[in-house]
Structure formats: structure tokens, C-alpha cells
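Asker: Here it is, the structure, as C-alpha cells.
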Amino acid sequence: MTQRFFPRPNVAMGELGLMALRFLPKPNTDPNLVPWDGLDDPANPQNWSFGFKVWLTAVGNLMTFCCTFASSAPSSSTATIADEFHVGREIGNLILTVFLVGFTVGPSFWGPGSELVGRHHISISTFALYILLNIGQVRTNSMTTLLVTRFLCGFFASAPLTNSIGIIADLWDPVNRGIAMSVFTATAFLGPATGPVVALSAGAGSFLVIIILAGVCVLLSLFVPETSAPVLLARKANRLRGADPVKNKDIYAESERVSWTPNAVLERTIFRPFKMLLVEPILLLATIYVALAYGVMYASMCHLLPKSEAVPLIFIRTRHFSVSSDGLWHGFPPVEERLYSAMVGGSTLVIGILFLCWSGTYESVPWWVPGLSTILVGLAITLIFTLHCTCTRYTYLVDTYLKYAASALAAHTIIRSLAGAAFPLFSKQMFVKLGINWADTLLGGIALILAPIPFLFHKYGQRIRASSYFAPCLDLKVAEFLKEEKSAVAQVATQTV
């Protein structure tokens, strides 16, 4: 049975640090290794003022909103764009798909890359290129150019998405991190949900809205300092060597000892995410499950693709709704403690999908009945997404892998985005061939098969993590330490008596 080791939400960072020092293995004492100047070092991002950390988190969330908004904003204009460039509707729909394909490629560079060189420079450079590519989309007269630039936009937009999670991990301790990650999760879903609604009013001008949002994000990112602890310690080592080149010639930061050979860089930035995906059962199963939820979400986002998905088929063809009306429905605690929301979400997704398909196709059933089912589906997708980001107050994958969180999230995001890119492409054929009821029943059946995953994590997660190479299992080490301490206290009490 799991226990809560830090039940007090206001526990001080110094207490957490002292606890960590007591149960973690003693490091090799190297006088040349640059550390923080104590637990309260003001240079440590986790010791920055609360207001400053909130502001930095808000900027990261705005960047996330900007990028996820761009992923779905052109959905309302795909038919218009296809007509303008004299191509088929299927080619027009690729505007959404290629952006998400770029999302799948980018994290393998930007996630681990931020662990190597820091987050500040990556955020500014990728957002600047992102703006230039969006300007190119507005001015292009070629469908090929539009698709290529959309792919590159997705590639560069994935950097702020992965870096925002890293910034949260840099700034917040385990007790408070969950609140920040909860807001991040809401922002990540708000972007793609808002995109089609705004695009209904802006039309092709949605690209201009994307450019304006990105411009604001670039200006704000100029005032976001570096938050990566390894990079900050490396800069500290450089300052010390520069201040006294003779005395401090052997001073170094841990990150400076990392190999920069081509093979080593490829291992950390490209191969590690996929290696983790293959050897980490928790990461693999969580990725598959969230990919299903993400695919269902993006299939429903494409509500302007003519007669292609369940929600528009039900509310436009059967219920005779307009397109705009249709879119309106659119501490180190044990990580297993963070699975309850996903456990609820799994069951809710199955119920919501089946409720939607078997109530929405009969005109005798009032329209608001299937409308309520879309709320269940949206709630379930958000809860399942907690496997990726948050569950109640705490993080799951981030706190499971800690040091390798960016690599884990990179692999996770690649597969998830591929699902989001693929679902809108085959959903039309699936619903046409099988019909609304049985196509959605198929999705509900797949969701039912995957629903036990968070329950399995809750029951067997500690055992799986204990044998993991990439998961540090800090909560298990805390538990072992407390067990030994309790046993020692009991022995002393017995001897005293």
C-alpha cells in the first residue's frame, strides 16, 4: 500500500532538500565539482520568488497555447484553401496532418536538446523561425510550399511545448509542481479547442492570428531567463575559472563532463527517447493510451471535414445543426498516488464514446442527450492525459523519470502526435464504411481494452520502476529510509526499556 510522504502542501524547500540528502546515496566528494551554494542558493531556480516563478510558468503556458492553437486553427479553412489552390479536399486536410507530423519529429531534438544546452536559447530561436515560416504561409501561392512550411512550423512549435514542461520541472518542487502542471494541461487542451472556433470568424486570417500570438510569445521569451540547473551550474563554473584561471583551472560543472561527440549527441537527443519507449513499460503503455485519446480529440477537432467524423455526422447531418453550433460542444510522493484521475478517465471514455454513438443517431432522442456525452468524452480525454502530465496535484511521467523526463516526454509526444495526425486521415473512411454506431463502438472497444492500464500502473508500478534503469524511484528510497529510521527508533526504545 502506498503512503503519502509529504502530506503538508506548505513544506519548505529546505526540508525537502534535507530529506533528500538523508536518503540519497552520498555523492563522491570532489572539491572541483561546482554545486549550488547551499539549499537556499538564490541562483537555484527553485529558490526564486513565488511571483517570479508564477510569471515564468504563465509565459510557458502562453507559448504552449500559441503552438497548440496553431495545430487546429486552419481546420475551418481547409475547404477554402483547397479550392483556392485547386486541389482536392483530401490534400487540403493535410494542412492539419503535416503540422502534427512536425510535432512528432521536433521533440526528439528539442526535449533532450534542452537538457544539453538549456531552454532559453532554444525557445527564442525556434519561435523566431516559427514566425518567419508562418509569414511564408500567408504569402505563398503554392500548395506544396504551404504544406512544407506547415510541417516546419510543427517541427519548431514542438520546442516551446516540451520546454514548458521542462521549465515547470526546473522551477517547482514536487509538492507544488502539480498545480503548475495542471494549468499546463488545461492550456494544452485549450489551444486546439479554441483554434477552430477562432478560425470560424477569422477564416484564412487565422494564419495572421497565429503570427500575432507568436510575436507576443517571442517578446515575452526575451525576458525569460535560463532555468536549466545543469546549464546554470556550467555558467557558474565558467565564471569561477574566468575570475581566477590559475586557482580554479580544475573547476568544472557536471554537465561539462558530458561527451559532445557525434555519437554521444545522437544517443542523447535521438536514440534515448526511442530506447526508453522500448525498454520502459510504463512509458510505452502510457503513450499508447494517451495516443488513443489524442487521436480521438483531433478527429473531433476536424469538424469542418465534410461528413468525416462522428460528432459532425451526428450534429450536422442527423441533428441539422450549423457548423458553428457543432463546434460549441467541442514532496516525492509515490507516483502511483497520481493515477486516480486517469483511472476514472479510462472508464469515462468508454462510456462517453458509446453514449455518443448510440444516442446521437436517433432523431427521437433529444439533441442535448448526445451533447452531454461529448462532455464525458472531453473530460475523459483530459483525465487520461494526466498520464502524460498531471494527476490531481502531482505529475506522473515527469516525476517517474525526473532527470530523463524530457526524453521520456519526447518519445511520448512523438507517438501521441502521430496518432493525432493519423486519426483525421482515416476516420472519414472508417465512419463511412462501418457507420456511425459501429465505428464508434470499435473506438469504444479499443478504449475498453486500454482502460486497465492506469490500474495496472497503480498495482504493479512500484515493482516496474524498481527494475527500471531510467526511473530514479525517489519515493521508494524515501520509503526505505523511513522504514529503517522507524525500525532504529523502535530498537532504541526497546533497549531503553
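Each residue of the sequence shown is one higher than the last, beginning at 49 in the numbering used here.
From the three backbone atoms N, C-alpha and C, an ideal C-beta is built for every residue, glycine too.
Everything numeric in this text was worked out from a predicted model, so none of it was measured.
Does the stretch 495 to 509 come into contact with the stretch 404 to 421, if we say contact requires no fewer than three beta-carbon pairs (one atom in each stretch) closer than 8 Å?
Answerer: Verdict: no, contact absent.
Asker: Does Phe271 pass the burial test, meaning 16 or more other C-beta atoms within 10 Å, or should it be called exposed?
Answerer: For this step, residue 271 is matched to residue 223 along the sequence shown. Exposed is the call here.
Asker: How would you label Lys101, buried or exposed, when you count the other beta carbons within 10 angstroms and need 16 or more for buried?
Answerer: On the sequence shown, position 53 is the one that residue 101 refers to. Buried, by the Cβ-count rule.
Asker: Kindly indicate which residue of Leu256, His460, Phe232 has the alpha-carbon position closest to the one of Lys323.
Answerer: Along the sequence shown, read from residue 1 onward, the residue named residue 323 stands at position 275. The shortest C-alpha separation from Lys323 is found at His460.
Asker: Could you check if Ser190 is buried or exposed, using at least 16 other CB atoms within 10 Å of its CB as the buried criterion?
Answerer: Walking along the sequence shown from the start, residue 190 turns up at place 142. Ser190 should be labelled exposed.
Asker: Under three-state DSSP, which class holds Thr542?
Answerer: Counting from 1 along the sequence shown, the entry for residue 542 is found at position 494. Note: Thr542 maps to helix in three-state DSSP.
Asker: Take every Cβ of the stretch 130 to 143, pair it with every Cβ of the stretch 201 to 220, and state whether three or more of those distances are shorter than 8 Å.
Answerer: These segments do not touch.
Asker: Are the beta-carbon atoms belonging to Trp269 and Leu164 less than 9 Å from one another?
Answerer: Mapped onto the sequence shown, residue 269 falls at position 221. Mapped onto the sequence shown, residue 164 falls at position 116. With the sequence shown as reference, residue 269 is identified as Ser, and Trp is not the correct amino acid for it. Cβ atoms of Ser269 and Leu164: not closer than 9 Å.
Asker: Residues in its own chain within less than 7 Å of Ala207 by CB, not counting five upstream and five downstream?
Answerer: By 1-based counting over the sequence shown, the position of residue 207 is 159. Cβ neighbours of Ala207 beyond the five flanking positions: Gly154, Trp158, Ile170, Ser171, Thr174.
Asker: Whole-angstrom Cβ separation of Ser230 and Gly108, contact assumed at under 8 Å?
Answerer: Against the sequence shown, residue 230 aligns to sequence position 182. Against the sequence shown, residue 108 aligns to sequence position 60. Not really, about 14 Å apart at Cβ, beyond 8 Å.
Asker: By the 10 Å Cβ neighbour count, where 16 or more other Cβ atoms means buried, how is Asp131 classified, buried or exposed?
Answerer: Residue 131 sits at position 83 when you count from the first residue of the sequence shown. Exposed, because fewer than 16 other Cβ atoms sit within 10 Å of the Cβ of Asp131.
Asker: Taking Ala341 as the reference, give the member of Leu148, Leu427, Pro244, Gly166 with the closest Cα.
Answerer: By one-based count along the sequence shown, residue 341 stands at place 293. Per the Cα distances, Leu427.
Asker: Please report the distance separating the alpha-carbon of Ala91 from that of Lys284.
Answerer: Start at 1 with the first residue of the sequence shown, and residue 91 comes out as number 43. Start at 1 with the first residue of the sequence shown, and residue 284 comes out as number 236. Taking the straight line from one Cα to the other gives about 10 Å.
Asker: Contact check, Arg167 vs Gln185 under 8 Å by CB: the rounded distance?
Answerer: Looking up residue 167 in the sequence shown gives position 119. Looking up residue 185 in the sequence shown gives position 137. Not quite, the Cβ-Cβ distance comes to about 26 Å (not below 8 Å), so this is no contact.
Asker: Looking at Ile512: is its Cβ nearer than 9 Å to the Cβ of Ile330?
Answerer: Here residue 512 is taken as the residue at index 464 of the sequence shown, counted from 1. Here residue 330 is taken as the residue at index 282 of the sequence shown, counted from 1. The answer is yes: Cβ separation under 9 Å.
Asker: Is the beta carbon of Pro278 less than 9 Å from the beta carbon of Ala301?
Answerer: Numbered from its first residue, the sequence shown carries residue 278 at position 230. Numbered from its first residue, the sequence shown carries residue 301 at position 253. Yes, the Cβ-Cβ distance between Pro278 and Ala301 is below 9 Å.
Asker: Output yes or no for whether 9 Å exceeds the beta carbon distance between Pro321 and Ser475.
Answerer: The residue labelled residue 321 in the question sits at position 273 within the sequence shown. The residue labelled residue 475 in the question sits at position 427 within the sequence shown. Taking 9 Å as the Cβ cut-off, Pro321 and Ser475 do not qualify as a contacting pair.
Asker: As an exercise, report each continuous alpha helix (DSSP H) stretch of at least 4 residues that is fully enclosed by the stretch 268 to 322, in chain order.
Answerer: For the stretch 268 to 322, whole alpha helix (DSSP H) runs of length 4 or above, ordered along the chain, are 277 to 291, 310 to 314.
Asker: By DSSP's criteria, Leu81 is part of a beta bridge. Which residues make up the other side?
Answerer: Sequence index remark: in the sequence shown, residue 81 carries index 33 (1-based). Bridge partners of Leu81: Tyr300.
Asker: Taking the runs of the alpha helix (DSSP H) that are 4 residues or longer, which of them lie wholly in the stretch 107 to 167?
Answerer: The qualifying runs are 126 to 132, 137 to 153, 155 to 165.
Asker: Can you look up Phe546 in the DSSP assignment and give me helix, strand or coil?
Answerer: In this structure the chain extends from 49 to 545, so residue 546 is not present and cannot be described.
Asker: So the candidates are Asn95, Gly99, Phe147, Val135; which of them puts its Cα closest to the Cα of Ala118?
Answerer: Within the sequence shown, the letter at position 70 stands for residue 118. Ranking the options by Cα distance to Ala118, first place goes to Phe147.
Asker: Enumerate in chain order the residues of its own chain whose CB-to-CB distance from Ser421 is below 6 Å, with the five nearest sequence positions on each side excluded.
Answerer: Taking the first residue of the sequence shown as 1, we reach residue 421 at position 373. Gly400, Phe403, Leu404, listed in sequence order.
Asker: Is the separation between the beta-carbon of Thr335 and that of Phe232 shorter than 9 Å?
Answerer: On the sequence shown, residue 335 is found 287 positions in, with the first residue counted as 1. On the sequence shown, residue 232 is found 184 positions in, with the first residue counted as 1. No.
Asker: Do Leu194 and Ile258 have their C-beta atoms within less than 9 Å of each other?
Answerer: In the sequence shown, counting from the first residue as 1, residue 194 sits at position 146. In the sequence shown, counting from the first residue as 1, residue 258 sits at position 210. Not in contact: Leu194 and Ile258 (Cβ atoms no closer than 9 Å).
Asker: What residue range is occupied by the uninterrupted alpha helix (DSSP H) comprising Asp218?
Answerer: On the sequence shown, residue 218 is found 170 positions in, with the first residue counted as 1. Here the alpha helix (DSSP H) through Asp218 covers 191 to 219.
Asker: So, are the CB atoms of Thr116 and Leu457 less than 9 Å apart?
Answerer: Here residue 116 corresponds to residue number 68 of the sequence shown, with the count starting at 1. Here residue 457 corresponds to residue number 409 of the sequence shown, with the count starting at 1. No; because the gap between Cβ atoms is not below 9 Å, this pair is not in contact.
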